[in-house]
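Student:
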Amino acid sequence: MPRFFHAFRKRLLRGNRLTRYLVYALGEIVLVVIGILIALEVNNRNSEAKIRRSETQYLNEIAKSLRSDLKDVHFNIRFNEDRLRSS
30 MPRFFHAFRK
40 RLLRGNRLTR
50 YLVYALGEIV
60 LVVIGILIAL
70 EVNNRNSEAK
80 IRRSETQYLN
90 EIAKSLRSDL
100 KDVHFNIRFN
110 EDRLRSS
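In our numbering, the protein residues as written are 30 to 116.
1. What are the boundary residues of the alpha helix (DSSP H) that Arg49 is part of?
2. Alpha carbon to alpha carbon, how far is Ser115 from Asp101? Give it in angstroms, no decimals.
3. Who are the near neighbours of Arg74 in its chain, counting only those whose CB is closer than 7 angstroms to its CB and skipping five residues on each side?
4. CA-CA distance, Val52 and Arg46?
5. Using only CA atoms, which one of Lys39, Ile67, Ala68, Thr85 lies nearest to Ala54?
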């Protein structure tokens with residue numbers, strides 16, 4: 030495939046068809062820019078997804094810790110109420 034484009038480019042330059050060659054070159058540049066923009070968008074989406082996964086993991090850990098703390102508080106309340114009743 031690259032040989033085809035190389036030959037096409039040579040033919041355009043040989044025939045003094047500078048205008049056509051410039052259009053061809055501009056088209057190549059546009060395609061490269063579009064490819065780069067697509068790659069950047071994919072990378073941004075992947076980064077955002079990774080950040081969301083981390084946030085979810087952190088929130089799950091916080092919720093787990095809060096549930097554990099709540100169990101400890103309830104245990105301490107019952108323990109202290111029992112001690113107060115028995116004294």
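The C-beta atom is built at its ideal place from N, Cα and C for all residues, glycine as well.
Tutor: If we stick to the structure as given:
1. 47-115
2. 21 angstroms
3. none
4. 10 angstroms
5. Lys39
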